[in-house]
Structures are given as structure tokens and as C-alpha cells.
Amino acid sequence: MSGLQPNRESFGSRFGVIAATAGSAIGLGNIWRFPYVAGENGGAAFIILYLGFVIAIGIPVMLSEFTIGRRAQQNVYGSFRKLAPKQPWYLIGLMGVAAAFMILAFYTAVAGWTLEYLYQSIVNGFAGKSPDELNMMFDYFVGGTSRPLIWFFVFMGLTAFIIMAGVKNGIEKSTKILMPLLLILLLVLIVRSVTLPGAGKGISFLLRPDFSKITASTVLVALGQAFFSLSIGMGTLVTYGSYIKKSENLGSTAFSVAMADTLIAVLAGLAIFPAVFAFNIEPGYGEGLVFVTLPNIFQQMPGGTIFSVMFFILLGVAALTSTISVLEVIVAFFVEELKMKRKAATWLATFSVSILGILCVLSTSSLADFKILGHTIFSLLENTTANVLLPLGGMFIVIFVAWFFGRQNVVDELSNDGKLKARYVPLFMFIIKFVAPLAIAFVFLQGIGLINLK
Ligand code: TRP
18 MSGLQPNRES FGSRFGVIAA TAGSAIGLGN IWRFPYVAGE NGGAAFIILY
68 LGFVIAIGIP VMLSEFTIGR RAQQNVYGSF RKLAPKQPWY LIGLMGVAAA
118 FMILAFYTAV AGWTLEYLYQ SIVNGFAGKS PDELNMMFDY FVGGTSRPLI
168 WFFVFMGLTA FIIMAGVKNG IEKSTKILMP LLLILLLVLI VRSVTLPGAG
218 KGISFLLRPD FSKITASTVL VALGQAFFSL SIGMGTLVTY GSYIKKSENL
268 GSTAFSVAMA DTLIAVLAGL AIFPAVFAFN IEPGYGEGLV FVTLPNIFQQ
318 MPGGTIFSVM FFILLGVAAL TSTISVLEVI VAFFVEELKM KRKAATWLAT
368 FSVSILGILC VLSTSSLADF KILGHTIFSL LENTTANVLL PLGGMFIVIF
418 VAWFFGRQNV VDELSNDGKL KARYVPLFMF IIKFVAPLAI AFVFLQGIGL
468 INLK
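Quick note: to get this note's numbering, add 17 to the position in the sequence shown (first position is 1).
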């Protein structure tokens with residue numbers, strides 16, 4: 018076990034902490050996944066439910082991760098080793114590192130698609146194509162091998178480049194530029210979308226709740242989406258928490274980041290649905306929403322090319338500030354546990370993630386028929402992480418903080434040793450002791466199919 022490290026890096030400013038952490042949370046989960054999941058599950062009613070989960074469970078899990086990381090000042094595995102020496106809690110950390118490999122592999126594959134679509138936007142590749150042709154274009158692209166592989170490596174390279182530069186000069190510096198850029202692009206796209214003739218139906222779809230659409234399975238989808246979107250359950254935020262200075266307010270940071278993440282998801286919906294309804298397209302289009310439906314809209318819309326370019330830059334930026342947070346989990350682990358230099362650790366992590374990543378990329382082409390338990394490698398990784406590893410990790414993390422780390426340590430850490438009031442601690446303790454573990458256990462059992470509420 019390593020002791021105090023005087024040279025350990027940290028985020029330099031409060032805005033830097035928020036930019037990096039919100040950068041991790043805001044990603045493909047908000048802009049690609051949230052709109053179609055909300056669209057399929059009742060729009061506004063789903064959003065209300067989702068918001069409830071973010072506040073009641075998401076923020077407490079996030080705060081638990083920050084607490085562990087900032088107290089231990091270590092990577093996710095080292096943090097549990099340090100706070101609970103000679104006890105098996107470090108297995109949560111190992112599971113987190115394993116989950117990081119798996120998430121990064123399939124997530125970077127999708128992130129690569131955004132670069133292809135950015136390229137197609139620039140060369141006007143959607144022009145004059147019918148909806149069917151755009152669908153075929155997507156299938157043809159993901160069904161190929163060389164282009165998706167090239168874009169995968171470009172995206173991995175960008176991610177590794179930022180991580181090599183370090184916590185302050187890489188992660189913090191890049192997210193401080195990229196996150197405001199993302200917000201500006203999104204606001205411009207919303208203005209374009211809501212001013213299209215017929216946009217009103219899309220707005221009311223998002224803002225007028227229809228509770229008859231809520232079923233037991235919708236509830237679980239909402240909780241799963243909250244986990245994925247907030248980047249919780251695998252130690253990304255333990256790792257980032259270890260870079261947060263002792264003077265920062267963890268409670269307000271977690272609250273701000275969760276609110277920013279939710280706001281961006283809803284704003285992404287506001288950019289997408291008015292346009293979808295204005296062009297009379299079905300809202301529940303699924304995964305193809307941003308890669309098939311949106312190009313269809315862009316090529317019919319005045320000024321579509323420029324908005325298309327902006328949208329795919331937005332998507333790429335959102336993905337990049339998330340991939341760096343996942344790679345950092347692995348790199349911090351290699352640096353501290355294998356005593357590697359940051360550069361070497363980044364190479365090793367990038368190389369080993371790429372092996373798994375290549376298998377994910379090829380899951381839509383040459384390996385499409387290679388199935389494990391009925392899943393391609395891509396969907397196996399996506400499903401085991403989202404439905405199994407994240408909920409399980411999140412559940413053990415809150416149990417660890419509530420029942421092992423204990424109230425006094427929590428009070429010390431959240432009040433910065435008495436300097437802050439942190440009046441929310443009793444409520445927080447109640448949630449992480451009882452509410453969150455039970456709710457998460459419920460989703461987990463549903464996820465692995467042990468209980469099935471339709
Ligand atoms: N939250 C990101 C998104 O919504 C993805 C992500 C980054 C993530 N780090 C994570 C998901 C850690 C789960 C765990 O796109």
C-alpha cells in the first residue's frame with residue numbers, strides 16, 4: 018500500500034472540477050441514448066421519473082464515490098485497499114477497472130461512428146438520400162471493417178493524447194474548453210429546431226407527461242439510464258474524486274454535476290424532438306435516431322449541412338470528455354499499482370483496450386455471427402456493464418460508505434472537517450443505508466432476469 022503522495026495531481030479550480038466531472042457524465046448517454054429511450058418510454062413522464070432517480074439515488078451514489086476517492090487519494094482499486102486494508106472490498110475496485118476496459122471498448126466504437134458522420138456531413142454525404150437509403154448507408158458503414166476500425170483508432174488516439182498530458186494539463190484543460198463549446202453548439206441547434214414549422218408537437222411531447230405510458234419496466238429503464246448517464250457505479254468518480262482538493266464542497270459539486278447532466282439530456286431532447294415532429298418522423302426510432310433520423314432531417318432543413326456538422330462535432334466532443342474519464346480509471350490504476358510512468362501506462366491501457374475494441378467494432382461486420390450467450394461481443398459488453406457491473410458496483414459502493422466507512426468519516430469528509438455545514442448528511446446516510454441499496458438490487462435482479470416485471 019502506498020502512503021501520501023505529495024506530487025499527486027489535482028484539479029486546479031472549482032470550474033475545472035465541474036468541467037471534468039460534468040464532461041465525464043455528459044456523453045453519448047445524454048445525446049444519443051437519452052432522447053431515444055425517453056422517446057420510446059413516454060417522453061415527459063419518463064423524464065420526471067428519471068429526474069426522481071437522479072436526485073434520490075444518482076446523487077447519493079455520486080457523492081459516495083467522491084467521498085471514497087477524495088479521502089483515499091488513490092485510484093479506484095488503491096482507494097479500497099487503503100480505506101479497508103486486508104479486506105475484500107478491493108474487489109469492487111478490480112471490478113471497476115474491468116468495467117472500464119469493457120465500457121471503453123464499445124463506447125469508443127460508437128464514438129468512432131460520430132467521426133464518420135461528421136465526415137459525411139462535411140462532404141455532403143446525406144444529400145438527396147431517401148430515408149431508406151440513409152438507413153442502408155448506416156448499415157453499410159457499420160457492416161464494413163476498415164472505416165469503423167480507422168475511426169475507432171482515431172478516437173482512441175485522441176483520448177490517449179489528452180490522458181498523457183495529465184490531470185491538469187490534459188483532462189482539466191481540455192474539458193474547460195470543450196464543455197462550453199458543447200453548450201454553445203447545443204443551444205444553437207435548439208434554436209434551429211424549435212423554430213421549424215410544426216416544432217410545437219415535439220415540444221409538447223417532451224413537456225406534457227402521459228403517465229399511462231409508465232410501466233414497471235419503464236421504471237427500471239429510467240434507473241439504468243440514470244446510472245449510465247451519471248458515470249456512476251465503476252469508480253470513474255472515485256478516480257476523479259481523488260483529484261478534488263480538500264477545500265472543495267463535494268455535496269454541491271455532486272448536485273451541480275447531476276443537474277448539468279440532466280439539463281443537457283433534456284436540452285438534447287429539445288434539439289432533436291421538435292425537428293423529428295416537424296418532419297413527421299416517428300419519435301421511438303431507437304438507436305438509429307441520431308445516425309439515421311437526424312441525417313434525414315438535416316438534408317431537408319434549410320442550412321442543414323452546417324447544422325449537421327455542428328451536431329456531430331457536439332456528439333464527438335461529448336463522447337471524448339467521457340472516454341477520457343474511463344481511460345483515466347485504467348491509467349491511474351496502472352500508474353499507482355504497477356508503478357508505471359503515465360505515458361507508458363497510457364500506451365499499455367490504450368493497446369489493451371484496443372484489442373477488446375477491435376472485437377466490438379467487428380461485431381457489426383465480420384464477427385456479427387459470433388455470439389456468446391446470444392449476444393455479439395459488442396452487445397455482451399454493453400449489456401453486462403450497464404445491467405450488471407454498474408448496478409452491482411453502485412450497490413457495493415453505497416453499502417461500503419454507509420456500513421463500513423461509517424457516519425463519522427462521512428461527516429468529516431463532506432463537511433471538510435467541520436468547515437462546511439453539510440446539513441444533508443442524515444438524509445444522505447438514510448438513503449445510502451437503505452433506499453439506494455434496495456432500489457439498485459431491484460434493478461439488478463431485473464437486469465439479469467432473475468425477476469421479470471413487464
Ligand atoms: N456517462 C457517460 C455518458 O453518458 C458515459 C460514461 C463515462 C460512463 N464514464 C462512465 C458510464 C462510467 C458508466 C460508468 O455517455
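Glycine included, C-beta positions come from ideal geometry on N, C-alpha and C.
Taking 6 Å as the cut-off, one finds at least one heavy atom of ligand 1 near enough to the beta carbon of methionine 251. DSSP places isoleucine 389 in the strand class (E or B) of the three-state scheme. Spatial neighbours of phenylalanine 118 in its own chain (CB-CB distance under 8 Å, excluding positions within 5 residues in sequence) are listed in chain order as Ile347, Ser369, Val370, Leu373. Counting C-beta pairs with one atom in each stretch, the stretch 86-95 and the stretch 251-264 have three or more that are closer than 8 Å, which means they touch. Distance from arginine 88 to glutamate 133 at the Cβ level is roughly 43 Å; contact not present, criterion being Cβ atoms closer than 8 Å.
If the five residues before and after proline 226 are omitted, its C-beta is found closer than 7 Å to the C-beta atoms of Ala61, Ala62, Ile65, all from its own chain and listed in chain order. Residues Gly305, Val309 of the same chain have their beta carbon placed closer than 8 Å to that of asparagine 152, with the five preceding and five following residues left out of the count. Looking only at Glu189, Phe244, Ser147, the smallest Cα-Cα distance to leucine 68 is reached by Phe244. Tyrosine 157 counts as exposed, since fewer than 16 other beta carbons sit within 10 angstroms of its beta carbon.
For serine 229, the secondary structure class from DSSP, reduced to helix, strand or coil, is helix. Rounded to whole angstroms, the gap between the alpha carbons of phenylalanine 272 and phenylalanine 290 is 27 Å. By the 16-neighbour rule on beta-carbons within 10 angstroms, threonine 125 is buried.
Annotation: the stretch 204-275 contains the following complete segments of the alpha helix (DSSP H) (minimum length 4 residues), in chain order: 217-224, 233-246, 253-258. The beta carbon of phenylalanine 123 is closer than 6 Å to those of Cys377, Phe395, Leu398, Glu399 in its chain, skipping five residues each way along the sequence.
DSSP places alanine 349 inside the alpha helix (DSSP H), whose first and last residues are 321-354. Taking all protein chains shown into account, phenylalanine 324 has 16 or more neighbouring C-beta atoms within 10 Å of its C-beta and is therefore buried.
Distances between the C-beta of glycine 46 and the heavy atoms of ligand 1 include at least one below 6 Å.
Under the three-pair Cβ rule at 8 Å, the stretch 70-88 does not count as touching the stretch 325-333. Contact between leucine 431 and alanine 419 is ruled out by a C-beta separation of about 13 Å, above the 8 Å threshold. With a 10 Å radius around the Cβ and a threshold of 16 neighbouring Cβ atoms, glutamine 463 comes out buried. Ligand 1 has no heavy atom closer than 6 Å to the beta-carbon of valine 293. Within the same chain, and ignoring the five residues on either side of isoleucine 74 in sequence, the residues whose Cβ sits closer than 6 Å to its Cβ are Ala453, Ala456. Following the DSSP letters along the chain, one finds proline 52 inside the alpha helix (DSSP H) bounded by residues 51-57. Across the set Asn186, Trp130, Pro148, the C-alpha of Trp130 shows the shortest separation from the C-alpha of glycine 160. The Cβ neighbour count for aspartate 386, taken over all protein chains shown within 10 Å, is under 16; the residue is labelled exposed. Here the alpha carbon of methionine 196 sits roughly 6 Å from the alpha carbon of alanine 36.
According to the DSSP assignment, tyrosine 94 belongs to the alpha helix (DSSP H) that extends over 93-100. A straight line joining the alpha-carbon of glutamine 104 with that of glycine 110 spans about 12 Å.
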